[in-house]
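Structure, as structure tokens:
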Amino acid sequence: MAEKYIIVTGGVLSGIGKGVVSASIGRLLKELGLKVNSLKIDPYLNVDAGTMNPNQHGEVFVTEDGYEADLDLGHYERFLGIEMKSFNNMTAGQVYKYVIEKEREGKYLGATVQMVPHVTERIKERIEEIDTEILLIEIGGTVGDIEGEIFLEAVRELSFEKGRENFMFIHVTFVPYLHVTNEFKTKPTQQSIQLLRRIGIQPDMLLVRTEKEIDLSSLEKVALFGGVPLEYVVNLPDLANVYEVPQMLYEKNIHSLITSKLNLEISKEVEELSWKCPKTFKNLKIAMICKYLGTDDAYKSIMESVFLTGTKRPDLINSEELEEMSEEEIKILLSKYEGIIIPGGFGARGIEGKIKAIKYARENNVPLLGICLGMQLMVIEYARNVFGYKEANSTEFDENTPYPVIDLMEEQKKMLNLGGTMRLGAQKIEILPNTKLHKIYGEKNSAFERHRHRYEVNYKEFENMFEKGKNVPNKLSISAMTDFVEAIELNSHAFYIGIQYHPEFKTKVGDPHPIFKAFIEAIEQNK
Numbered sequence: 003m004a005e006k007y008i009i010v011t012g013g014v015l016s017g018i019g020k021g022v023v024s025a026s027i028g029r030l031l032k033e034l035g036l037k038v039n040s041l042k043i044d045p046y047l048n049v050d051a052g053t054m055n056p057n058q059h060g061e062v063f064v065t066e067d068g069y070e071a072d073l074d075l076g077h078y079e080r081f082l083g084i085e086m087k088s089f090n091n092m093t094a095g096q097v098y099k100y101v102i103e104k105e106r107e108g109k110y111l112g113a114t115v116q117m118v119p120h121v122t123e124r125i126k127e128r129i130e131e132i133d134t135e136i137l138l139i140e141i142g143g144t145v146g147d148i149e150g151e152i153f154l155e156a157v158r159e160l161s162f163e164k165g166r167e168n169f170m171f172i173h174v175t176f177v178p179y180l181h182v183t184n185e186f187k188t189k190p191t192q193q194s195i196q197l198l199r200r201i202g203i204q205p206d207m208l209l210v211r212t213e214k215e216i217d218l219s220s221l222e223k224v225a226l227f228g229g230v231p232l233e234y235v236v237n238l239p240d241l242a243n244v245y246e247v248p249q250m251l252y253e254k255n256i257h258s259l260i261t262s263k264l265n266l267e268i269s270k271e272v273e274e275l276s277w278k279c280p281k282t283f284k285n286l287k288i289a290m291i292c293k294y295l296g297t298d299d300a301y302k303s304i305m306e307s308v309f310l311t312g313t314k315r316p317d318l319i320n321s322e323e324l325e326e327m328s329e330e331e332i333k334i335l336l337s338k339y340e341g342i343i344i345p346g347g348f349g350a351r352g353i354e355g356k357i358k359a360i361k362y363a364r365e366n367n368v369p370l371l372g373i374c375l376g377m378q379l380m381v382i383e384y385a386r387n388v389f390g391y392k393e394a395n396s397t398e399f400d401e402n403t404p405y406p407v408i409d410l411m412e413e414q415k416k417m418l419n420l421g422g423t424m425r426l427g428a429q430k431i432e433i434l435p436n437t438k439l440h441k442i443y444g445e446k447n448s449a450f451e452r453h454r455h456r457y458e459v460n461y462k463e464f465e466n467m468f469e470k471g472k473n474v475p476n477k478l479s480i481s482a483m484t485d486f487v488e489a490i491e492l493n494s495h496a497f498y499i500g501i502q503y504h505p506e507f508k509t510k511v512g513d514p515h516p517i518f519k520a521f522i523e524a525i526e527q528n529k
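Residues 3 to 529, numbered by the working numbering, are exactly what the sequence shown covers, in order.
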């Protein structure tokens, strides 16, 4: 159970950075020596984010304990520097599923099961399960969304029960700038605050998001109509780099406003943030060969992992377009890039384009990093073009391939029979000595890495393609193992490493995963 609660809501429209703002506030309070944790509430009916299409909802973030979450948990993990768990996310689907199952089991003793009190009680139970000094609760969506109302009611009830002095409601809202009349329009924000107040919640602080610095008179109008003291109405204009947000909040003294409102005792004074986000960026040209291009967030953690090494984010290239290109056309397109990333994914769409990019990188000594599906496709490309297994494939894409170098292993089939469909979460991998990967991990012999996949390298049937930890011509070197192949590499190549796991989920601000650091170093050395 938390001692103090900060509730972050959003208004006017989604996508204005509510998650980044919440994570930044958490980081500031952590810098003050306070114990902070977070809870992201997603009002959708999915039980978790595992089945969501990345083209619509962005990436699925995998926690250490194998939970498939909304990408906002990635912000919290990177900013706060702590590992998120399944209890850090609550969805409407989870809540309703619990209540209905309890009703079916007769646990409500014949009562008429209702939104209030039964659903709200379950929401409050979940909130109180998290033990910390300060709990940051971000409620997804915007005020006024029908699916979010029950969560707002639950936190309103909780603030009444636990004492309003232990709660701080922060409303993040957007004030558009109307270029036709050259003025900021505060009316949508006023209406958003009115919606919140009708629910019974009076915001204690307003964070006003704008394209550029807003004028004082507009802030005064927001304060007046919102019933919030002017000092608690803070403008957050757009920044080129989201990792500058904690510093901006610090300069605007938000930490002092929060600690004053919640009557928090600070264990240490902070004169300067120990915030090690990069300030300058290497102008390296990196291509990421993608199949999910419906939103910028589909590969969020990989993009941020590259960025947090102090390198500009990769360009996204549509793998389906590569399928229609000749080798010469692909060479012309990719020759301007100094490194290539093949990310994870599911399904056959765009796969052959990714394989063409892998062949180009291998043959032209271009640093290549394959993640999850990316590693599997590196094995398929090698089987086809080096071993001569021209019809090699994964049974995910071709059930009848004569060379199933990627397959659903017997161990995985047993898992399927038990209802689990994927290897999920952190698992211990053994890193083989005398490999590039071993050096990347500081010569550690093992590591815990997060997984999210169904298919594996079919090592038992195609053992002749591999050598364990050895640099043998025309064979792939296995550099990490469990019961399955976890990583492959070509030691003779500038950087040719494929990994079955997802290192991007372990990156923190000031501490990018070593694989990304090594990839960037290899690109610089190879230029």
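Where a beta carbon is used, it is the ideal one built from N, C-alpha and C, also for glycine. Here the structure is a predicted model, which is why all the values come from computation and not from measurement.
Cβ neighbours of residue i in the same chain (closer than 8 Å, five flanking residues each side left out)
i, result
"leucine 420", "Confidence is the limiting factor: at leucine 420 the pLDDT is only 46, short of 50, which leaves the residue's position unreliable and the question unanswerable from this model."
"methionine 170", "Lys6, Tyr7, Ile8, Ile9, Asp206, Met207, Ile260, Lys263, Leu264"
"threonine 191", "Gly13, Val14, Thr175, Phe176, Val177, Leu208, Val210, Val224, Gly228"
"phenylalanine 497", "Gly341, Pro369, Leu370, Leu371, Lys438, Ala520, Phe521, Ala524, Ile525, Asn528"
"asparagine 168", "Glu5, Lys6, Tyr7, Ser161, Leu264"
"alanine 385", "Tyr391, Ala394, Tyr405, Val407, Phe464, Met467"
"glutamate 491", "Thr437, Lys438, Leu439, Leu478, Ser479, Ser481, Tyr498, Ile499, Gly500"
Proximal residues to residue i (C-beta, below 6 Å), its chain only, five neighbours per side dropped
i, result
"arginine 158", "Gly202, Ile203"
"alanine 520", "Ile442"
"aspartate 74", "Gly21, Lys42"
"histidine 120", "Val101"
"alanine 489", "Leu439, Ser481, Ala482, Ile501"
"lysine 356", "Ile291, Ser321, Ile344, Leu379"
"tyrosine 461", "Val487"
"threonine 188", "Val177, Ser220, Lys223, Val224"
Residue range of the unbroken beta strand (DSSP E) whose run includes residue i
i, result
"alanine 225", "Taken as a continuous stretch (DSSP letters only), alanine 225 belongs to no beta strand (DSSP E), being part of the alpha helix (DSSP H) at 218 to 228."
"glutamine 145", "Per the sequence shown, residue 145 should be read as valine rather than glutamine. That residue, valine 145, is in no beta strand (DSSP E); it is neither H nor E in DSSP."
"glutamine 502", "Run containing glutamine 502: none; DSSP gives neither H nor E here."
"methionine 250", "Element bounds for methionine 250: not the beta strand (DSSP E) but the alpha helix (DSSP H), 247 to 253."
"lysine 104", "Premise fails: lysine 104 lies in the alpha helix (DSSP H), 94 to 106, not in any beta strand (DSSP E)."
"phenylalanine 450", "448 to 455"
"lysine 6", "6 to 12"
"serine 479", "478 to 483"
"leucine 238", "235 to 239"
"isoleucine 431", "425 to 433"
"isoleucine 332", "Taken as a continuous stretch (DSSP letters only), isoleucine 332 belongs to no beta strand (DSSP E), being part of the alpha helix (DSSP H) at 329 to 336."
Residue interval of the alpha helix (DSSP H) (run including residue i)
i, result
"serine 321", "321 to 325"
"tyrosine 78", "74 to 82"
"methionine 86", "Note, methionine 86: premise wrong, no alpha helix (DSSP H); not H, not E."
"glutamine 527", "516 to 528"
"lysine 438", "438 to 442"
"proline 119", "Here proline 119 belongs to no alpha helix (DSSP H), and DSSP marks it neither H nor E."
"valine 22", "20 to 33"
"leucine 41", "First-last for leucine 41: 38 to 44, but that is the beta strand (DSSP E), not the alpha helix (DSSP H)."
"cysteine 396", "The sequence given here has serine at residue 396, not cysteine. Here serine 396 belongs to no alpha helix (DSSP H); instead the beta strand (DSSP E) covers 394 to 396."
"isoleucine 256", "256 to 263"
Cβ-Cβ distance between residue i and residue j below 9 Å
i, j, result
"cysteine 292", "isoleucine 501", "no"
"leucine 318", "isoleucine 344", "no"
"threonine 122", "alanine 94", "no"
"valine 23", "lysine 32", "no"
"valine 511", "glycine 60", "no"
"alanine 359", "isoleucine 332", "yes"
"glycine 76", "lysine 338", "no"
"glycine 28", "leucine 197", "no"
Other residues of its chain near residue i: CB distance less than 7 Å, five sequence neighbours each side excluded
i, result
"glutamine 249", "Leu275, Trp277"
"methionine 424", "Arg454, His455, Arg456"
"valine 64", "Glu70, Leu426, Gly427, Arg452, Arg454, His504, Phe507"
"glutamate 215", "Asn237, Pro239"
"isoleucine 268", "Leu34, Gly35, Thr261"
"glutamate 130", "Met3"
"glutamate 222", "Leu232"
"lysine 104", "Tyr110"
"leucine 410", "Thr397, Arg456, Tyr457"
Contact test: residue i Cβ vs the ligand COA heavy atom, cutoff 8 Å
i, result
"valine 64", "As far as ligands go, the structure on display features none, and thus does not contain the ligand COA."
- What are the uninterrupted segments assigned as alpha helix (DSSP H) that are 4 or more residues long and contained completely in the region 342 to 387, given in chain order? Annotation note: the region 342 to 387 contains the following uninterrupted alpha helix (DSSP H) runs of length 4 or greater, listed N- to C-terminal: 353 to 365, 375 to 387.
- Message: Which complete alpha helix (DSSP H) runs does the region 121 to 208 hold, if anything under 4 residues is left out?
- Response: List check, alpha helix (DSSP H) in window: 122 to 130, 151 to 164, 189 to 201.
- Query: Taking one C-beta from the region 327 to 341 and one from the region 295 to 304 each time, how about it: are there three or more such pairs within less than 8 Å?
  - Reply: No: fewer than three Cβ pairs fall under 8 Å.
- Item | Given 8 Å, three or more beta-carbon pairs between the region 405 to 412 and the region 380 to 395 | Result yes; three or more Cβ-Cβ pairs closer than 8 Å.
- With a floor of 3 residues, list each beta strand (DSSP E) that falls wholly inside the region 271 to 308, ordered by position along the chain. Runs found: 288 to 292.
- Touch check for the region 84 to 93 and the region 42 to 62: three-plus C-beta pairs under 8 Å? The region 84 to 93 makes contact with the region 42 to 62; the number of CB pairs closer than 8 Å reaches 3 or more.
- Using 8 Å as the Cβ pair cut-off and three pairs as the minimum, do the region 303 to 313 and the region 278 to 285 touch? Yes, the region 303 to 313 is in contact with the region 278 to 285.
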